[in-house]
Amino acid sequence: MTWEEAVAQALALPDTARSTRYGKPAVAVASNGRAFLSRGHEPRESFCLALDRDTVEMLMETDPDTFYQTPHYVGWPAILVRYDTSDPDRVRTMIERARDQAAARKPVRRAVGNRHARRRS
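Encoded structure:
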């Protein structure tokens, strides 16, 4: 699997659109703005999926050759996915799961103006 294939898989799912996450390319749920697939910190070897911590732990235990975390991600609901996986069907299933979890969450809060600015009398 390549980055382009992962993005194509994600964009084939309902209610998805290209986006960014921390300034890097991503795919998000269009209706709530939640990114679920992104480039991550290891863009040459893997991409990042936003998944619940239980799923992250299960994936690292059952297929550490494909799913892993660097110290940056430990303790967060995200996992890195190696492009050279031996089980692309499972990766596709996890992309779908990440999308479904992101779709179930509340919309991203967008900052409007400067909430810390002092009020003028």
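With full-length UniProt numbering, you'll find the sequence shown wraps up at 121, consecutive numbering, no jumps. We put the beta carbon where it would ideally sit given N, CA and C, even for glycine. Remember, predicted model here, so these are calculated numbers, not experimental data.
Residue burial is scored here from C-beta neighbours: residue 40 has at least 16 other C-beta atoms within 10 angstroms and is therefore classed as buried. Contact between the stretch 55-68 and the stretch 11-27 is absent, with fewer than three C-beta pairs closer than 8 Å. Within the DSSP bridge table, the entry for residue 20 names 25 as partners.
For residue 90, the secondary structure class from DSSP, reduced to helix, strand or coil, is helix. 34 is the residue among 50, 48, 34 whose C-alpha sits nearest the C-alpha of residue 15.
DSSP places residue 53 in the helix class (H, G or I) of the three-state scheme.
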